[in-house]
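Colleague: Sequential numbering from 198 applies to the sequence shown in the numbering used here.
Glycine included, each C-beta is placed from N, C-alpha and C at the ideal position.
None of these values were measured; they are calculated from a predicted model.
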Amino acid sequence: NLFPMAQLDFHDFYASVAACPQCITQFNHPGDEGEKQTFHQFEFESSIFFQMALFEFNGAGPVWDLFFTALAAGWWLSPTFNQDNHSADWGTANDHRTGVFMAALDLPALYDAFAQRRTFATSDKNAVIRFMAEDVCWMGSRLAGRTHYTLTVSVNDPDEDDAFETIELYDPLQNLLA
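(1) Quick check: the Cα distance between ALA257 and GLY228, rounded to an integer number of angstroms?
(2) Mind checking TRP272: buried by the 16 CB within 10 Å criterion, or exposed?
(3) Could you check whether the stretch 297 to 305 touches the stretch 338 to 350, counting it as contact only if at least three pairs of C-beta atoms, one from each stretch, sit closer than 8 Å?
(4) Hey, THR277 and THR266: beta-carbon distance below 7 Å or not?
(5) Check each candidate in GLU240, PHE236, TRP335 and name the one with the smallest Cα separation from LEU205.
(6) If THR349 sits next to ASP332, beta carbons under 8 Å apart, how far is it from one beta carbon to the other, in whole angstroms?
(7) If you count every other CB in all the chains shown that lies within 10 Å of the CB of THR364, and 16 or more means buried, which is it?
(8) Report the rounded CA-to-CA distance for SER284 versus ALA290, giving the unit in angstroms.
(9) Using 8 Å for Cβ pairs, my map puts ALA310 next to VAL325. What's the rounded Cβ distance?
(10) Can you check whether the CB of ALA270 is closer than 7 Å to the CB of PHE241?
(11) For THR316 and PHE252, I'd like the C-alpha separation in whole angstroms.
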């Protein structure tokens with residue numbers, strides 16, 4: 198009941214988000230319907246900057262590139278991935294998952310984790326990636342005022358046949374940093 202079921206224009210969606218200050222939202226299905234589902238190349242709207250927190254990697258278009266299009270437009274986003282499943286095989290249809298780092302297993306902690314962009318997207322149901330700056334700033338943190346940070350990336354996948362071969366770090370303009 199928070200949002201109208203059908204909204205004809207992304208500006209209507211942005212207005213609905215602005216009218217719900219407690220809502221945390223995401224860009225859904227980027228690239229679906231050809232290039233129609235890109236929110237006019239992720240047009241930036243400062244009034245919902247803190248509420249538009251997540252970017253869903255389910256989409257028919259070039260989702261990876263669209264994520265960087267959204268970042269370059271000025272959004273502060275964290276990736277999500279899911280099954281978008283409305284069927285009886287919910288949770289088992291594929292291995293797409295959103296990992297969330299939460300202080301507790303309750304709704305306030307989930308809300309806080311989404312608001313702080315402490316998520317990661319994976320297509321492996323038990324893979325985990327943890328990214329920190331200076332061992333105190335979680336992934337999703339907005340860093341400023343320094344030219345050098347010590348970054349720590351921890352990855353884990355308990356499956357013996359799964360391994361991480363490469364970890365790449367990109368800036369918001371999709372430039373490979375390391």
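Modeller: For this structure:
(1) Looking up residue 257 in the sequence shown gives position 60. Looking up residue 228 in the sequence shown gives position 31. Their backbone Cα atoms lie some 5 Å apart in a straight line.
(2) Position 75 of the sequence shown holds residue 272. Answer is buried; the Cβ neighbour count reaches 16.
(3) no
(4) As a first step, residue 277 must be located in the sequence shown, where it is residue number 80. As a first step, residue 266 must be located in the sequence shown, where it is residue number 69. Contact: no.
(5) Taking the sequence shown and counting its residues from 1, the one referred to as residue 205 is at position 8. When only C-alpha atoms are compared, the closest one is PHE236.
(6) Translated into the one-based positions of the sequence shown, residue 349 becomes position 152. Translated into the one-based positions of the sequence shown, residue 332 becomes position 135. At roughly 6 Å, the Cβ-Cβ gap stays under 8 Å, so THR349 and ASP332 are in contact.
(7) Counting from one through the sequence shown, the residue named residue 364 turns up at place 167. A small fix is needed here, since residue 364 is Ile in this sequence, not Thr. The residue is exposed, with fewer than 16 neighbouring Cβ atoms inside 10 Å.
(8) Looking up residue 284 in the sequence shown gives position 87. Looking up residue 290 in the sequence shown gives position 93. Whole-angstrom Cα-Cα distance: 9 Å.
(9) Counted from its first residue, the sequence shown places residue 310 at position 113. Counted from its first residue, the sequence shown places residue 325 at position 128. Between VAL325 and ALA310 the Cβ distance is about 14 Å, and since that is not below 8 Å, they are no contact.
(10) Taking the first residue of the sequence shown as position 1, residue 241 is located at position 44. Taking the first residue of the sequence shown as position 1, residue 270 is located at position 73. Result yes, Cβ atoms of PHE241 and ALA270 sit closer than 7 Å.
(11) Translated into the one-based positions of the sequence shown, residue 316 becomes position 119. Translated into the one-based positions of the sequence shown, residue 252 becomes position 55. Rounded to whole angstroms, THR316 to PHE252 spans 10 Å at the Cα level.
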